[in-house]
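Each remark here refers to the structure printed beneath this line.
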Amino acid sequence: MTPKPSFEVPKGAAAKVHIIDSGFRLSGMPTNFLLSPEMDKFDEVPPVGSWFFLVESSTGRKVLFDLGGLSNVGSFPPSVVAVIEDGVELTHVESVIWSHGHWDHVGDIEAVPPATGLVVGPGFKDEFLPGYPTKQHVELPERYFKSRNVQEIEFVPGQSCLRICDFAALDFFGDGSFFLLNTPGHAVGYLSGLARTTTNPETFVFMGCNICHHGAKIRPSNNLSIPAEIHLTPSGKEMSYPDGALFRALNIRWDRKPNEPFFDPVLAIDLPRTIKTIKDAQKVDGQDNVLFVFAHDMGVCGVVDFFPKSVNNWKKECWKEKTHWNF
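The numbers in full-length UniProt numbering rise by one with no breaks, and the one at position 76 of the sequence shown is 76.
In structure tokens, the structure reads:
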């Protein structure tokens, strides 16, 4: 394995981070809709959920990163009910940040008070606003944006725009606890998040959302090789596979390199940029002090704590080791 790349993040405070299960489940999706090359006896992706995040700064400022998918279209989202019932007033959430404008991530923005701002990535307004039906090609209705301030993030080189690994980044709260990352390729205005979860030692959660739809699209890599022994925790039950060579042989059988992800991305508006973003994300995913969580990552089920508990102690709980091969 090559030496780990530099991973320098400006010093700052820790944020409190929660993973929220939107209650959404999608099943029956053909594998070739998301993954390439095709694999024998893997014709259908197992049912997936859609997670989103509540991030609270060191001074108590709160944002929701994504809203997940609706478990019952047209109903008040149970995930929003859960946030309220656990003592988080939606009026105290200053912004909802959409990683991108796909239906399984935007949730029900109308359940959030109109005074709460909506933060989107570069190019989002030109592509989506004012919404359907004025723009016939978009899936987001005009009512989502009515009476709501929509702020489009710009990553302009200069004092406010940072670099974290190969990503342009913005310090959202200004205290070094939560950064928005420019991660283009999958969709227009695509954003990811990086939150500092502890300061001594420094640990982080990378909110990758749809950088990958499946763990096998980002792992293995030059920065994260398949270990000699793989520990899996399906449904919270620990299992060990003593010979990682069995998994490395899969790539060789498909004429791929041993440290190349098992699959390539398919679903993207700009495939070359998506592939580059994945390669850049692999450098972060390979860091020992970063927990990478994507929106449809079923490998975290039965391992990590979901809302109302936080994920700040992920390093102490060894959740990275228990989840990152759990696909």
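Ideal Cβ positions, reconstructed from N, Cα and C, are used throughout, including at glycine.
In this text, all values refer to a predicted model and were calculated from it rather than measured experimentally.
Nearest residue (CA-CA) to residue i, options the options
i: G69; options: S57, S177, G101 and F167; result: G101
i: A115; options: A14, K315 and V93; result: V93
i: V44; options: F52, S50, W51 and L34; result: Checking the sequence, you will find Glu at residue 44 rather than Val. The shortest C-alpha separation from E44 is found at L34.
i: N289; options: H296, N313, I275 and S36; result: N313
i: D66; options: G107, M29 and E127; result: G107
i: V300; options: F124, S57, E321 and G121; result: E321
i: Y190; options: S160, D255, G123 and D40; result: G123
i: F262; options: S50, V120 and I252; result: I252
i: D21; options: P308, R248 and W319; result: P308
i: S147; options: P157, G158, I109 and R163; result: I109
i: F24; options: F172, S50 and M39; result: S50
Own chain partners of residue i with C-beta closer than 6 Å, once the 5 adjacent residues on each side are dropped
i: F292; result: F206, G208 and D285
i: F128; result: G101, V138 and L140
i: F155; result: C161, A168 and N182
i: residue 390; result: The structure shown does not extend to residue 390, since the chain spans only 1 to 327, so no value can be given for it.
i: T323; result: G299, V300 and V303
Extent of the continuous alpha helix (DSSP H) run through residue i
i: residue 328; result: What is shown of the chain runs 1 to 327, which leaves residue 328 out entirely.
i: F124; result: F124 to F128
i: H105; result: W103 to V106
Under the three-state DSSP convention, the category residue i falls into
i: M39; result: coil
i: T91; result: helix
i: T233; result: Low per-residue confidence applies at T233: pLDDT is 49, beneath 50, and the placement is therefore not dependable, though the value from the model is reported in the following sentence. Correct three-state label for T233: coil.
i: I275; result: helix
i: I109; result: helix
i: V96; result: strand
i: S75; result: Residue placement at S75 is flagged as unreliable, the pLDDT there being 46, under the threshold of 50; the coordinate-derived value follows with that caveat. Correct three-state label for S75: coil.
i: D264; result: strand
i: K62; result: strand
Close-in-space but distant-in-sequence residues of the same chain around residue i (CB under 8 Å, 5 per side omitted)
i: R196; result: V9, G12, A13, A14, A15, G176, S177, F178, E202, T203 and F204
i: S6; result: C165
i: L271; result: G185 and P265
i: V88; result: L54 and K62
i: S36; result: F263, D264, P265 and V266
i: M29; result: E44, V45 and V48
i: N149; result: G117 and L118
Close beta carbons around residue i, own chain, < 7 Å, minus the five adjacent residues each side
i: G310; result: As written in the sequence, residue 310 is Ser, which differs from the Gly given in the question. So the list reads K16, V17 and H18, once near-sequence residues are dropped.
i: K4; result: N223, G286 and Q287
i: P113; result: L90 and T91
i: P130; result: E142 and F145
i: residue 331; result: What is shown of the chain runs 1 to 327, which leaves residue 331 out entirely.
N-terminal and C-terminal residue of the beta strand (DSSP E) that residue i is part of
i: A169; result: F167 to D171
i: W314; result: Premise fails: W314 is in no beta strand (DSSP E) and is neither H nor E.
i: R163; result: C161 to I164
i: V293; result: V290 to F294
i: V188; result: Premise fails: V188 is in no beta strand (DSSP E) and is neither H nor E.
i: E56; result: W51 to E56
i: Q136; result: Q136 -> no beta strand (DSSP E), and no H or E assigned at all.
i: H18; result: K16 to D21
i: G208; result: E202 to C209
Residue i at chain D interface by Cβ criterion, 8 Å
i: K16; result: Protein chains in the displayed structure number just one, and chain D is not present.
Closer than 7 Å: residue i CB and nearest the ligand ATP heavy atom
i: Q282; result: Among the components modelled here there is no ligand, and therefore nothing to report on the ligand ATP.
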